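Protein chains in written order, with my numbering: chain S, 69 to 374; chain H, 69 to 374.
Structure record follows, encoded as structure tokens.
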């Protein structure tokens, strides 16, 4: 089952870090771009080739230390059919390397249409889980839930997102808590349909690392949901900030970092240590640093609790 | 300006009907499938070719009687890179024929990512407008709003959707009306940034035809927003149901019909009149029928008002 596999992978690697494969072409090392553009030209095909080769390097460097990767489809979709091909190829390569593959698609539409999205992603053998948007209502989630059960996949429903302006709708106060709390009640209800042997459900929630106090409340509302936590690193959240997304066993959450990991070779911290040719090693170093910081925050929490 | 162009097209054609190009492969005439499969095989390439050829037939048959087409991307996305190619080729063909092209993508993500989606769709010369999902908050709409103004495009923000279960989140009651009313207040505020010379904004709203009473309230909250109205036909709404989406000038809304139009040749009503070879004429007949019914509802409303 998806949730069991994910929890096992997190425990085995002692790391809840997910690497976000969001390959912005302008930040990809020149040598990769040159090779791809020489082959296909500086066009959508050349760019997609560069992104895929860049991703392969990252995956080779981190597959043994992280449980999963998250692929943000927008960075591929922008290059049309060629980009989409690079997206699926990336998923395939990550899957081959034994990684759990999360496609960050945030789709949402009426059930008839959602069926198509679910077929495109959840029914693809290289993709293990997707993110979806709940605004259109519970009935629009039925096709995804069906495929989670039928094909043993995972689902992460947007609850409280990491952006500064996420409150516009999510923080509106209703008779029964905020909107995001209402979504959390719904996720909790749905999550019971896909509970694994370890107590966690294959239907989880997206909860931004940037909202620490909200995470504490959400952790209580959705005890069996795994949280996919964006916002770490480039978006400003620290290991201390994400800690409330984890349960008392230091499980139940995965923390994504994209730019800060994959473009670590350009960062203040690593740029003098790794050249652009070593971008993948820099990413690995950043992942291990992040792993250390989160595990350190676990220790600190334990200490405070005593 | 997008809104001016759309209103002019509606007036010129005396028709607020939008044809939804949602080509389900199982409903496409056999002769089109055979030709495409003979050329490319019964695979994503063959299916995408069949969808594109089917769409061309529909576009040729309706371009002079409707102002716009709406392309639901999920029906293409499900066939990967080949499907995406058929999606863009369909948009291009419709644009060449002088139609306003709405890409129904319902995307929504943090601003950084939304920029990519906006680049993929709003910055494409063949696409005039897209639909987006507001759940992640006002700040996530900034890139789309920027491109609406910069590239003279249109935006339709989900407010109250047509599905039975749309109430889960949209109908939650807050201190200041329902969630969908709150979204409507936001749309009204944003819509002021892109008002055309005819008084309508290029930033509009998606309001389901299936919610008549809600539409009446929403029409008041968003006086300058153009409503994109799904739910007519196959989803059960009639011309009388959609009438509240229009303002007192019988403008300010476009009504989409997908299946009921494009697969009219299979319907009880038309199947004895048109063969599968005449699927496009059947679609045209259905569009003209729909146009008549909506115009008839306008007349009736006027009569009741007197």
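Backbone N, C-alpha and C fix where the C-beta goes; we use that ideal spot for every residue, glycine too.
Remember, it's a predicted structure, so these values are computed and weren't measured experimentally.
query	result
Segment contact flag, the region 320–331 of chain S with the region 99–113 of chain S, C-beta cutoff 8 Å, min 3 pairs	no
Residue 144 of chain S versus residue 125 of chain H: straight-line alpha-carbon distance, rounded	30 Å
Under 7 Å from the C-beta of residue 297 of chain H: neighbouring residues of chain S	By Cβ distance, chain S contributes nothing, its closest Cβ being about 14 Å from residue 297 of chain H, past 7 Å.
Touch test, the region 267–276 of chain H against the region 291–305 of chain H, Cβ-Cβ under 8 Å, three pairs minimum	yes
Selection of the region 290–314 of chain H by Cβ proximity to chain S, strictly under 7 Å	none
Option nearest residue 206 of chain H by Cα separation, candidates S:214, S:213, S:229, S:186	S:229
Inside the region 216–243 of chain H only - alpha helix (DSSP H) runs reaching at least 4 residues	235–238
Neighbouring residues, chain S, relative to residue 138 of chain H (Cβ below 8 Å)	Chain S residues near residue 138 of chain H: none, gap ~12 Å exceeds 8 Å.
As assigned by DSSP and simplified to three states, the class of residue 44 of chain S	Past the boundaries of the shown model lies residue 44 of chain S; chain S is included only from 69 to 374, so the question cannot be answered.
Pair within 8 Å by beta-carbon distance, residue 172 of chain S and residue 199 of chain S	yes
Min CB distance residue 114 of chain S to chain H below 8 Å	no
Close beta carbons around residue 281 of chain H, own chain, < 8 Å, minus the five adjacent residues each side	312
Under 7 Å by beta carbon: chain S residues contacting residue 181 of chain H	140, 142
Other residues of its chain near residue 213 of chain S: CB distance less than 8 Å, five sequence neighbours each side excluded	223, 258, 261, 262, 271
Beta-carbon spacing of residue 169 of chain S, residue 150 of chain S below 8 Å	no
C-beta atoms of residue 116 of chain H and residue 153 of chain H nearer than 8 Å	yes
Cross-chain neighbours of residue 230 of chain H in chain S, by beta carbon under 9 Å	178
Where residue 254 of chain S meets chain H, residues with beta-carbon distance less than 7 Å	236
C-beta atoms of residue 190 of chain S and residue 161 of chain S nearer than 8 Å	no
Residue 226 of chain H beta carbon less than 8 Å from that of residue 203 of chain S	yes
Rounded Cβ spacing between residue 135 of chain H and residue 192 of chain H (contact assumed at less than 8 Å)	Contact doesn't hold; Cβ gap of about 19 Å is too wide.
Below-8 Å beta-carbon distance, residue 330 of chain S vs any chain H residue	no
Contact set between residue 146 of chain H and chain S, taken where Cβ atoms lie within less than 7 Å	184, 187, 188
Selection from S:119, S:178, S:164, S:187 that minimises the alpha carbon distance to residue 155 of chain S	S:119
CB contact below 8 Å: residue 251 of chain S versus chain H	yes
Min CB distance residue 201 of chain H to chain S below 8 Å	yes
Burial state of residue 240 of chain H (16 or more Cβ within 10 Å)	buried
Cβ-Cβ separation, residue 350 of chain H to residue 333 of chain H (assumed contact under 8 Å), whole Å	4 Å
Cβ neighbour criterion (16 or more within 10 Å) applied to residue 148 of chain S	buried
Complete alpha helix (DSSP H) runs within the region 175–223 of chain S (minimum length 4 residues, chain order)	179–189, 210–219
Residue ranges of each beta strand (DSSP E) within the region 109–153 of chain S, 3 or longer	136–140
Minimum Cβ-Cβ distance from residue 160 of chain H to chain S less than 8 Å	no
Proximity winner among H:78, H:187, H:210, relative to residue 255 of chain H (alpha-carbon distances)	H:210
Buried versus exposed call for residue 339 of chain H [16 or more other C-beta atoms within 10 Å across all chains shown]	exposed
Status (buried if at least 16 other CB within 10 Å, exposed otherwise) for residue 341 of chain S	exposed
Neighbour list for residue 207 of chain S in chain H, Cβ cutoff strictly below 9 Å	231, 232, 233, 234, 236
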